Amino acid sequence: MFATEVRELEELTLGLTIVEAKLQAPIASADVNDPLGFLRIAARPIQEDKSCRVFQVVFDRNHLISYTVINESYGKYPEPPEAFTGKLFRVFSQSHLLDFTERTTYASAGHPAPLMHFEIACLNHVIDVICTAPPTILLDKQASA
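Numbered by my numbering, the letters in the sequence shown go through residues 5 to 149 in order.
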């Protein structure tokens with residue numbers, strides 16, 4: 005998956021555009037102008053194509069507490085005691101980010117409501133959101149590639 009857009013749709017409403025990505029056909033030849041191009045021969049790039057779906061994910065202002073966007077290269081895979089379900093779209097029941105939020109803000113397990121932690125692990129970004137309600141997720145058009 006690729007995060008192709010991260011923006012505030014309106015004040016305190018987070019909008020994400022997430023596009024599926026798939027393994028493509030192996031690269032058959034190298035670009036003669038690329039000195040390292042030979043390393044890509046037979047590699048299968050992960051890219052979007054016309055069969056990939058596009059998702060619009062919206063966390064609304066009435067429930068959004070915080071969000072972070074991390075370069076995927078610096079993200080850490082969750083470790084115990086962190087607990088989650090899901091693979092690329094994760095829902096945490098316990099996380100260091102939930103603990104951090106409770107320690108550093110007025111938001112807590114009961115105020116304004118039980119806190120939720122969602123994480124979307126993309127190919128270049130990891131997006132973490134703390135909120136009090138699940139996002140709205142809409143299937144948009146197919147990818148344009």
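Don't be surprised by glycine CBs; every beta carbon is placed ideally from N, CA and C.
All figures in this text were calculated on a predicted structure; none of them were measured in a lab.
In DSSP terms, what C135 is bridged to
L68 and M120
In whole angstroms, what separates the C-alpha of I131 from that of T72?
6 Å
Only counting runs of 3 or more residues, tell me where the beta strand (DSSP E) segments fall wholly within the stretch 5 to 75, in order along the chain.
6 to 14, 17 to 23, 57 to 63 and 68 to 75
Specify the secondary structure class of S77 as computed by DSSP and reduced to three states.
helix
Just the C-alpha distance for E83 and N37, rounded to the nearest angstrom, thanks.
43 Å
For my contact list, S99 and E106 are in at a C-beta cut-off of 8 Å; report their separation, rounded to the angstrom.
Contact flag wrong, Cβ pair sits at about 11 Å.
Can the beta-carbon of F104 be found less than 9 Å from the beta-carbon of M120?
no
Under the three-state DSSP convention, the category T109 falls into
coil
Quick check on L143: does DSSP put it in helix, strand or coil?
strand
H129 versus E123 - alpha carbon distance:
10 Å
Rounded C-alpha distance that separates S77 from A125:
11 Å
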